[in-house]
Amino acid sequence: MKKLLIVPLLALMSTSAFAKICKDDPRLFTIKSVIEKMDAGETVKPIKLTPQTFLDMPPVVRNKLGDNILVYNKACVPNQVYQGTLPKSIEMPFPVLENLLQKALIRGDRKMADVILNQFIATPIKTDDAVLLISALPWPQSALDNLYQYKFFSQVVQNNTFDDNQEDTCDYYIATPTHIGLYALLGGKVLDSTLAGYYIEDSRLIIATENGVSTKNTADMTTLAQRKNPDNYDLCSGISFPRSLNSLTSAGVKIQATGSSYPAAIIEDLKAIIIARNNKLAGE
Amino acid sequence: MKKSNIMLAIALVSTTLVANAANTNKPFGRGALSEQQLQAWQINIDNGASLLNCSYEDDPRITEDMEGLLSDLSNGVEMNPVQITYRTLLNMGPHSRELISKNIKIASMDCKNIYYSGTEIIGIPIIPFEEALTIMHDDYANYQSPERILELKKTFIVVSMDPRWFWAYFVADKAHMELIGLDYETLVSVEHILNERKTQRSYADDSYNLLHNVFLGMNNYGLDYFSPDGTCQQSEAEPSKTTIVWPEISDEIVKSFYNAHHIKYKGKWKNKVDISKGQASIYQEKRIDNNVMPAFNVTRGLTIYSKSCEK
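One line per chain: the protein sequences are A and B, in this order. Numbering-wise, this note's numbering puts 92 at position 92 of the first sequence, and it's gapless, one number per residue. Take any residue in the second sequence, count from 1 to its spot, add 1000: that is its number in this note's numbering.
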């Protein structure tokens, strides 16, 4: 069973890979002197930045440098910044964008968070990798609070019960945003039309793809919530299953509910669907 | 006072009246930990940074020849950027900081270049908890300003740590806080501010929880027994009693700490002798070889599992 470990380390390794190709202007180590020259009215060549450093820049320094900034795109071609914005959207790996957005939110830098969401797009990924993004964002609370406060995410009350038995619903609880939710928010799309199936059982969301990749999001993996029924000791998953499924759909994943409650059976269901579809196409 | 002005003030004003010697920039520099404990901690830091192929430390020129370094910076001598930890930068007087800022990068455990404009940090450094704790402690000791603490909180992230390092060094009662080198009451105040408590929380019965709550109040990357390749890993290796700061720590405390961080475990510490009620426990330690983390060289019967293990 493949697992994609979304941790800050992964984000950093992706950052390093990008930085090997384009590097920050070495004048950044002496940026104080650069700003002093600009303040003194001297002409200074534009500073070339990787997108990461551009997005990490606090407002005071951004305002000082103004449009004297060039930002590298994916092909390492520097783009002129105009009034704080880039001429075209830049595509970047999702872990890198996630890390940058997290830091902007920790700083309380709403303007830069807006830039990330509006001027950057997450690189397309395979469906097999997308389904593994159904996990809670392991962000510091201050970053999550700003995610809601800036209205990038709405607060969703948790209710993952499969049946309508109100007594088994989860207690009032704000669902934690997920990686897949953020990926969809960053305009991420899947590369392929791999089929995926899901089944919701109590506090678990079980997903499998036709390629055999599966995940089951259990209550243990995320922050927990109680049930309204005090006699029901099963804990609720901290993420919203409906929102996660919607996010997968937004990312272009071809996902449908199945009647099977474990991954191997879901995969068999998907194979049957594919065979039936192929037979129909052949018949036509 | 506007937020941006507070940051300017934090940057420009000499932040530390409490710590004023170069050696207090070293981890636990004001404490009374043993040489073995200090070395073990340093290896922990070095290993963490080396994962991404960098070193986490002040440029040796800062401790070996500060005067010469400042003179060269003042004269515009060409040199490699001076790497400096966030703690050391904040501890500097305004004149030294002014000069260091001419050619600088702030150390970060993720090995990223963190730049500094003289007043603003470009990026967010990832720093060890001990350093974060000391920064917050010193700022509150000097200024008693909740606003400053909350602004400082936004300027760094605490690096992820193996939980065994945490309970070995930072799960310690009030009596042992001196070994770490920081004032207990100051840290209680810092904890209240970081967690934005409306009412005072008493630590009279569980002072050993204080630093854990300070950690939770900071922006942090969590405590985790990390599996580098994503496979299920387990370990019974633990720090020996000569490494642990609080000798009276019990496995019940360690287990409740693991529970708080959803770290799976099995077993318990085995007692060495029969214990009378009210006596501190003495636990059996069996030595083991550990090339990966030499400081974790005993087992007491408790095994932990990485999150990648199936239930």
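No residue lacks a Cβ here, since even glycine has one placed at the ideal position from N, Cα and C.
Residues of chain B with CB under 8 Å from residue i, in chain order?
{"i": "I106(A)", "result": "I1124, K1154, I1157, N1219"}
{"i": "T178(A)", "result": "Near T178(A) there are no residues of chain B at all, since even the closest Cβ is about 16 Å away, more than 8 Å."}
{"i": "M38(A)", "result": "Near M38(A) there are no residues of chain B at all, since even the closest Cβ is about 12 Å away, more than 8 Å."}
{"i": "S135(A)", "result": "By Cβ distance, chain B contributes nothing, its closest Cβ being about 10 Å from S135(A), past 8 Å."}
{"i": "M57(A)", "result": "I1122"}
{"i": "V156(A)", "result": "Those do not exist, as V156(A) stays about 22 Å from chain B at its closest Cβ, beyond 8 Å."}
{"i": "V61(A)", "result": "S1117, E1120, I1122"}
Considering only C-alpha positions, which residue in the set the options is nearest to residue i?
{"i": "K1102(B)", "options": "N1220(B), E1147(B), E1078(B), Y1305(B)", "result": "E1078(B)"}
{"i": "D1183(B)", "options": "L1210(B), N1195(B), P1163(B)", "result": "L1210(B)"}
{"i": "I1126(B)", "options": "N1259(B), N1213(B), L1052(B), I1288(B)", "result": "L1052(B)"}
{"i": "P1086(B)", "options": "F1296(B), S1074(B), M1136(B), R1287(B)", "result": "Inspection of the sequence shows that residue 1086(B) is occupied by Tyr rather than by Pro. The residue with the shortest Cα to Cα distance from Y1086(B) is M1136(B)."}
{"i": "A75(A)", "options": "E91(A), L65(A), Q83(A), G66(A)", "result": "E91(A)"}
{"i": "N246(A)", "options": "A208(A), Y183(A), S214(A), T215(A)", "result": "Y183(A)"}
{"i": "L100(A)", "options": "M57(A), I274(A), D24(A)", "result": "M57(A)"}
{"i": "L97(A)", "options": "K280(A), I116(A), S89(A)", "result": "I116(A)"}
{"i": "A122(A)", "options": "P95(A), A257(A), E268(A)", "result": "P95(A)"}
{"i": "I1084(B)", "options": "L1099(B), P1239(B), I1263(B)", "result": "L1099(B)"}
{"i": "A1141(B)", "options": "E1185(B), E1151(B), N1080(B), W1165(B)", "result": "E1185(B)"}
{"i": "F54(A)", "options": "S244(A), I134(A), N73(A)", "result": "N73(A)"}
{"i": "S1256(B)", "options": "V1171(B), S1189(B), I1043(B), G1230(B)", "result": "V1171(B)"}
{"i": "I255(A)", "options": "I239(A), I206(A), P26(A), A276(A)", "result": "I206(A)"}
{"i": "Q52(A)", "options": "Y82(A), A113(A), V34(A)", "result": "A113(A)"}
{"i": "N1044(B)", "options": "A1168(B), L1073(B), L1133(B)", "result": "A1168(B)"}
{"i": "H1176(B)", "options": "S1074(B), T1024(B), G1301(B), L1033(B)", "result": "L1033(B)"}
{"i": "K216(A)", "options": "L86(A), N118(A), N63(A), L132(A)", "result": "L132(A)"}
{"i": "S154(A)", "options": "Q141(A), P140(A), G181(A), A130(A)", "result": "G181(A)"}
{"i": "V1245(B)", "options": "H1261(B), W1041(B), E1151(B), R1197(B)", "result": "W1041(B)"}
{"i": "K1105(B)", "options": "L28(A), T85(A), S135(A), L270(A)", "result": "L28(A)"}
{"i": "H1261(B)", "options": "G1301(B), S1250(B), E1236(B), F1215(B)", "result": "F1215(B)"}
With the cut-off set at 8 Å, would you say residue i and residue j are in Cβ contact?
{"i": "I1180(B)", "j": "N1220(B)", "result": "no"}
{"i": "M1218(B)", "j": "L1187(B)", "result": "no"}
{"i": "C1232(B)", "j": "C1111(B)", "result": "no"}
{"i": "G188(A)", "j": "P93(A)", "result": "no"}
{"i": "R1164(B)", "j": "P1239(B)", "result": "yes"}
{"i": "V77(A)", "j": "T127(A)", "result": "no"}
{"i": "Y1225(B)", "j": "I1263(B)", "result": "yes"}
{"i": "A196(A)", "j": "I239(A)", "result": "no"}
Can you tell me where the beta strand (DSSP E) holding residue i begins and where it ends?
{"i": "I1249(B)", "result": "Neither: I1249(B) is in no beta strand (DSSP E) and is coded neither H nor E."}
{"i": "Y1140(B)", "result": "Looking at the DSSP string, Y1140(B) is not in any beta strand (DSSP E); the run it does join, the alpha helix (DSSP H), is 1129-1143."}
{"i": "Y199(A)", "result": "195-201"}
{"i": "M57(A)", "result": "Taken as a continuous stretch (DSSP letters only), M57(A) belongs to no beta strand (DSSP E), as it is neither H nor E."}
{"i": "K254(A)", "result": "254-257"}
{"i": "R204(A)", "result": "204-209"}
{"i": "I1084(B)", "result": "1082-1084"}
{"i": "P78(A)", "result": "78-80"}
Taking Cβ-Cβ distances shorter than 7 Å, what residues in chain A pair up with residue i?
{"i": "N1103(B)", "result": "F29, T30"}
{"i": "P1081(B)", "result": "F29"}
{"i": "G1222(B)", "result": "P138"}
Specify, as a first and last residue, the run of the alpha helix (DSSP H) that residue i falls within.
{"i": "F152(A)", "result": "Unbroken run through F152(A): none, as it is neither H nor E."}
{"i": "A130(A)", "result": "127-130"}
{"i": "T176(A)", "result": "Segment: none, T176(A) is in no alpha helix (DSSP H) and carries neither H nor E."}
{"i": "I275(A)", "result": "263-283"}
{"i": "K1153(B)", "result": "1146-1153"}
{"i": "E1047(B)", "result": "This sequence places Asn at residue 1047(B); Glu is not what is there. Taken as a continuous stretch (DSSP letters only), the alpha helix (DSSP H) holding N1047(B) covers 1035-1050."}
{"i": "V1190(B)", "result": "1184-1194"}
Using a cut-off of 9 Å between C-beta atoms, extract the partners of residue i located in chain B.
{"i": "I35(A)", "result": "S1117, G1118"}
{"i": "D269(A)", "result": "Residues of chain B passing the Cβ test: none, with the nearest at roughly 22 Å."}
Shorter than 7 Å, the distance from the beta carbon of residue i to the closest heavy atom of the ligand ZN, or not?
{"i": "N68(A)", "result": "Judged by which ligands are present, the structure shown has none, so any question about the ligand ZN falls away."}
Taking residue i as the query, report the chain A residues whose CB atoms sit under 8 Å from its CB, ordered along the chain.
{"i": "G1048(B)", "result": "Within 8 Å Cβ-Cβ: nothing; G1048(B) doesn't reach chain A, min ~10 Å."}
On the DSSP bridge assignment, give the partners of residue i in chain order.
{"i": "K1266(B)", "result": "T1303(B)"}
{"i": "K1354(B)", "result": "Residue 1354(B) is absent from the structure shown; chain B starts at 1001 and stops at 1311."}
{"i": "I1114(B)", "result": "I1106(B)"}
{"i": "F285(A)", "result": "What the structure shows of chain A is the stretch from 1 to 284, and residue 285(A) is not part of that stretch, so it cannot be assessed."}
{"i": "I1223(B)", "result": "Before going on, a small fix: residue 1223(B) reads as Leu here, not Ile. The partner list for L1223(B) (beta bridge, DSSP) reads M1161(B)."}
Cβ closer than 7 Å: which chain B residues qualify as neighbours of residue i?
{"i": "K103(A)", "result": "I1124"}
Output, in chain order, the set of chain A residues within a Cβ distance shorter than 9 Å of residue i.
{"i": "N1213(B)", "result": "Within 9 Å Cβ-Cβ: nothing; N1213(B) doesn't reach chain A, min ~13 Å."}
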